[in-house]
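Participant:
In this note's numbering, the protein residues as written are -15 to 468.
1) Please report the distance separating the alpha-carbon of residue 272 from that of residue 321.
2) Could you tell me if residue 116 is buried or exposed, where buried requires 16 or more neighbouring beta carbons within 10 angstroms of its beta carbon?
3) Comparing C-alpha positions only, which one of 350, 370, 240, 176 sits nearest to residue 85?
4) Restricting to Cα atoms, I'd like to know which of 339, 349, 269, 133 is closest to residue 313.
5) Pull up the CB-CB distance for residue 113 and residue 222, whole angstroms please, since I reckon it's below 8 Å.
6) Please determine if the stretch 284 to 296 and the stretch 63 to 77 are in contact, where contact requires at least 3 C-beta pairs separated by less than 8 Å.
7) If residue 323 sits next to residue 377, beta carbons under 8 Å apart, how far is it from one beta carbon to the other, in whole angstroms?
8) Is residue 259 helix, strand or coil by DSSP?
9) If we ignore side chains and look at the alpha-carbon of each, how far apart do residue 102 and residue 336 end up?
10) Helix or strand or just coil, what does DSSP make of residue 182?
11) Measure the C-alpha to C-alpha separation of residue 430 and residue 404 and round it to an integer number of angstroms.
12) According to the neighbour-count rule (16 or more other Cβ atoms, all chains shown, within 10 Å of its Cβ), is residue 432 buried or exposed?
13) Sort out for me which residues DSSP pairs residue 193 with in a bridge.
14) Identify the residues that DSSP records as bridge partners of residue 161: which are they?
15) Do residue 182 and residue 98 have their C-beta atoms closer together than 8 Å?
16) Throw me the rounded Cβ distance for the residue 240 and residue 353 pair, which I believe falls under 8 Å.
17) Please report the distance separating the alpha-carbon of residue 119 from that of residue 152.
18) Might you give, ordered along the chain, the residues of its own chain that have their beta carbon closer than 7 Å to the beta carbon of residue 387, omitting 5 neighbours on each side?
19) Could you have a look at residue 381 and say whether DSSP puts it in helix, strand or coil?
20) Could you give the residue range of the alpha helix (DSSP H) that holds residue 355?
21) DSSP puts residue 132 in a beta bridge; with which residues?
22) Per DSSP, which residues does residue 156 bridge with? Please list them.
23) What span of residues does the alpha helix (DSSP H) with residue 433 cover, start to end?
24) Taking only the alpha-carbon atoms, compute the straight-line gap between residue 393 and residue 61 and give it to the nearest angstrom.
25) I need the boundaries of the alpha helix (DSSP H) containing residue 273, first residue and last residue.
26) According to DSSP, is residue 151 part of a helix, a strand, or is it coil?
27) Helix, strand or coil for residue 210, going by three-state DSSP, please let me know.
28) Quick one: using the 10 Å Cβ neighbour count with 16 as the cut-off for buried, is residue 237 buried or exposed?
29) Under three-state DSSP, which class holds residue 369?
30) Among 416, 332, 406, 145, which one has its Cα closest to the Cα of residue 390?
31) Run the CB neighbour count on residue 135, radius 10 Å, all protein chains shown included, and call it buried at 16 or more, exposed below.
32) Per DSSP, which residues does residue 167 bridge with? Please list them.
33) Would you kindly work out how many angstroms separate the C-alpha atoms of residue 220 and residue 396, rounded to a whole number?
34) Residue range of the alpha helix (DSSP H) that residue 390 falls in?
35) At what residues does the alpha helix (DSSP H) containing residue 470 begin and finish?
36) By how many angstroms is the C-alpha of residue 423 removed from the C-alpha of residue 257?
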């Protein structure tokens, strides 16, 4: 190369020394720094950080959605005929997005400053494998589809199924947004309520239920919407599952002296599905009706008990058998929250306990078996069973399972008869017709029967009159004249 024409590599053709000049990009950045100053840099850094966080959150949401889609495909809940049958059987396709709590809501709910929940076992203890792994799925209804609820992913490993074949139980979740549930300085606050019913997949039996209510804090800075998080939903389901594991074992014929069934009756009447299977209307002894009862529907259990009672009365003209098959179904109905089941079960057991007590000479007011039956009958009354409330006063009058107080029994029956009619009037009329409250009240029996007749619950009272009344339910020895 000719030295005269050689150009150094660092010297451009225009002769300017580029090494002595800042790069155009660096110059722009330095200019921006000089323009913004330190405060501007902080703002810029914040903007960049927010953009980064938003992008990261979007990516995380997309990843969660993809993971949930894979899990939903593996669980295949919408295509599973057993799960669809469970949803239909428990009524969740009917009661979707409705405020139908599975346990009674407390009166002081609006005064609570944190989320509230309560769970109850239903029907008896749940038995799980020795390994302690009992996996299932949380689902909810969306229109005509059954989808995996967002709380499912947060379940602990021993409860969370990740494929259809592993599902042993189905947790039916209903999420209801209750608008303007609370008011904070003129601002309405919406809260979410989650209702849960847990059902065994193989048998279809309901074994636990509960309600969770998101609660706004009683403080400033209140938001307008409060929802139940997936993590809270999962913990709530775990509590319900644990309650079923610790529940009492259902005993068809419990020893009333040592274990009163009253201890297991915790389901309030407004949380119970009182529909019975159509087969129970035609033939209560059918396999379909029995299956409906065992799945946790107390009305079907009660219908079976009534049918068996009728059958026993026809077969046994003199006296019922010591252990009626009907009692088992009445007791099932009772522990599942149906008051009439409690009343019928207690009434059938009372007859035999009284017979045994008469032979041993035990105190009828303190005999633990009669105390148990009085407690169960009181539960029936608490479940708003008309006959249950009337039977409580009969027990009070007789001093069975409680101290005898004829005056209080008469007053309670008269008050309930005047307010509601029904069974209280029928029982009051029975006692008055027999002269149990004195001869001067005998004439009032006709009015009591007429009042009872107005109620569809006591149609038999329409045929009764004091002059020719024969007490079928109350033995002569039990009703002795006297008002005290």
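We put the CB at the ideal spot given by N, CA and C, even for glycine.
Facilitator: With the structure as the only source:
1) Cα to Cα, residue 272 sits roughly 21 Å from residue 321.
2) Taking a 10 Å sphere around the C-beta of residue 116, we find fewer than 16 other C-beta atoms and assign the residue as exposed.
3) Measuring from the Cα of residue 85, the nearest candidate turns out to be 176.
4) Residue 269 is the option with its Cα nearest to residue 313.
5) With a contact defined as Cβ atoms closer than 8 Å, residue 113 and residue 222 miss out at about 17 Å.
6) Flag = no, the stretch 284 to 296 and the stretch 63 to 77 do not touch.
7) At roughly 15 Å, the Cβ-Cβ gap does not stay under 8 Å, so residue 323 and residue 377 are not in contact.
8) Residue state, collapsed to three classes: coil.
9) Distance between the alpha carbons of residue 102 and residue 336: 38 Å.
10) Residue state, collapsed to three classes: strand.
11) Their Cα atoms are separated by approximately 17 Å.
12) Answer is buried; the Cβ neighbour count reaches 16.
13) Beta-bridge pairing links residue 193 to 104, 181.
14) For residue 161, which the question treats as bridged, DSSP gives the partners 176.
15) Taking the C-beta atoms as reference points, residue 98 is found no nearer than 8 Å to residue 182.
16) Correct: roughly 4 Å between the Cβ atoms.
17) Distance between the alpha carbons of residue 119 and residue 152 is about 6 Å.
18) Taking C-beta separations shorter than 7 Å and ignoring five residues to either side along the sequence, the partners of residue 387 in its chain run 349, following chain order.
19) Residue state, collapsed to three classes: helix.
20) First-last of the alpha helix (DSSP H) with residue 355: 352 to 366.
21) Answer by DSSP bridge pairing, in chain order: 123.
22) Beta-bridge pairing links residue 156 to 123, 181.
23) Residue 433: member of the alpha helix (DSSP H) spanning 429 to 437, first to last residue.
24) Using only the alpha carbons, I get a separation of about 55 Å.
25) 271 to 278 is the extent of the alpha helix (DSSP H) around residue 273.
26) Secondary structure of residue 151 (DSSP, three-state): coil.
27) Under the three-state reduction of DSSP, residue 210 is assigned to strand.
28) Exposed.
29) DSSP places residue 369 in coil when its eight states are reduced to three.
30) Out of 416, 332, 406, 145, 416 has the C-alpha closest to the C-alpha of residue 390.
31) It is buried - the Cβ of residue 135 has at least 16 other Cβ atoms within 10 Å.
32) DSSP, once it has assigned bridges, lists 172 as partnering residue 167.
33) One C-alpha to the other measures close to 42 Å.
34) Element bounds for residue 390: 390 to 404.
35) No statement about residue 470 is possible, as the shown extent of the chain runs from -15 to 468 and does not include it.
36) Cα-Cα distance, rounded: 46 Å.
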